[in-house]
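Worksheet for the structure shown next.
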Amino acid sequence: MSCTWHTGLRRGGGGRDGHGSGPPRTLPVSQDDFVGRIVDGTQTTGAQRRVLVVEDDQTITQAIAARLQAEGFQVRTAGDGPAAVEAARAWQPDLLVLDVMLPGYDGHEVCRRVQADRPVPVLMLTARDEETDMLVGLGVGADDYMTKPFSMRELAARVHVLLRRVERAATAAHSPRGAAIQLGDLEIDHAQRRVRVGGADVHLTPTEFELLVCLAQQPRAVLSREQLLAEVWDWADASGTRTVDSHVKALRRKIGADRIRTVHGVGYALETPTA
Numbered sequence: 267m268s269c270t271w272h273t274g275l276r277r278g279g280g281g282r283d284g285h286g287s288g289p290p291r292t293l294p295v296s297q298d299d300f301v302g303r304i305v306d307g308t309q310t311t312g313a314q315r316r317v318l319v320v321e322d323d324q325t326i327t328q329a330i331a332a333r334l335q336a337e338g339f340q341v342r343t344a345g346d347g348p349a350a351v352e353a354a355r356a357w358q359p360d361l362l363v364l365d366v367m368l369p370g371y372d373g374h375e376v377c378r379r380v381q382a383d384r385p386v387p388v389l390m391l392t393a394r395d396e397e398t399d400m401l402v403g404l405g406v407g408a409d410d411y412m413t414k415p416f417s418m419r420e421l422a423a424r425v426h427v428l429l430r431r432v433e434r435a436a437t438a439a440h441s442p443r444g445a446a447i448q449l450g451d452l453e454i455d456h457a458q459r460r461v462r463v464g465g466a467d468v469h470l471t472p473t474e475f476e477l478l479v480c481l482a483q484q485p486r487a488v489l490s491r492e493q494l495l496a497e498v499w500d501w502a503d504a505s506g507t508r509t510v511d512s513h514v515k516a517l518r519r520k521i522g523a524d525r526i527r528t529v530h531g532v533g534y535a536l537e538t539p540t541a
């Protein structure tokens, strides 16, 4: 079942029926929500990973929660900014699905506060297809974003991808491939997931870190957007090339714009210092 909701759904009262106040709650799952549990041809399972859904529209919240519960995740919800931060601290979720427009304080502020407590993957939802909004989200620690309206099938797939990326990063940190990389004054410590530029620590989101490592493992080599999508996002098609572009822009802001070269119509390359 590919369920797509539209922006015509009524917004407003979702966060006021006990949805945004008090403790986060788990929503029931109907039998119909178990249809379509195959994502990209493989059986998927949440393995009881915890996902906190932060959205002030109950209709949207219920649709997301039902789909993720059908995928095997534990799901709790919050309907405003303060409730989201409190739930994240108390429940320690493995991932956040976070709307930008929220009562209290917005999703960007929620993301900033949650990431200050502990790193956690964040999938942001935005109603505005504006790159500046997306860059703000990436700048405060979001790992991915989806523009409304979207399909529940794609949302579930992206949640799985984000969590697989975290698991893969943890494995890579303890493998020979996870050895430190140094390119001039750029240092990447895979084991500690730490990046320094000129000796100063640079905070990167998990996605930004994986993107930088992917580029750094083949310095000066031009990697296409499709290659980066496959390596970093586990996407098999070119539908997310704009995602690559936005993450590269956010990464440039943190490590220096001149370090990543754009090859127009192809992709990107990480520059190395010349003798």
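Throughout, the working numbering is defined as the position within the sequence shown, counted from one, plus 266.
Cβ atoms here follow ideal geometry from the backbone N, Cα and C, with glycine treated the same way.
Taking DSSP's pairing of strands, which residues face methionine 400 in a bridge? Residue pairing by DSSP places methionine 400 in no beta bridge whatsoever.
Measure how close the beta-carbons of histidine 513 and leucine 477 come, nearest whole angstrom, since I'm counting them as under 8 Å. 6 Å
Using beta-carbon positions only, say whether alanine 516 and leucine 362 come within less than 7 Å of one another. The beta carbons of alanine 516 and leucine 362 sit no closer together than 7 Å.
The region 321-338 touching the region 364-377, judged by at least three CB pairs closer than 8 Å: They touch, by the three-pair rule.
With distance defined between alpha-carbon atoms, name the residue in Asp383, Ile526, Asp524, Gln335 nearest to alanine 422. Gln335
Mark valine 532 as exposed unless 16 or more other C-beta atoms lie within 10 angstroms of its C-beta, in which case mark it buried. exposed
Can you give the Cα-Cα distance for valine 463 and methionine 418, rounded to whole angstroms? Counting only the Cα atoms, methionine 418 lies some 39 Å from valine 463.
For the region 471-505, which segments carrying the alpha helix (DSSP H) assignment without a break, of at least 4 residues, lie completely within its bounds, in sequence order? 472-482, 491-494
Neighbourhood of glutamate 375 by C-beta, 7 Å cutoff - its chain only, sequence neighbours within 5 removed: Gly347
Aspartate 451 in three-state terms, based on DSSP: coil
Between Arg459, Leu449, His456, which has its C-alpha nearest glutamine 484's C-alpha? It is Leu449.
Three-state secondary structure (DSSP) at aspartate 409? coil
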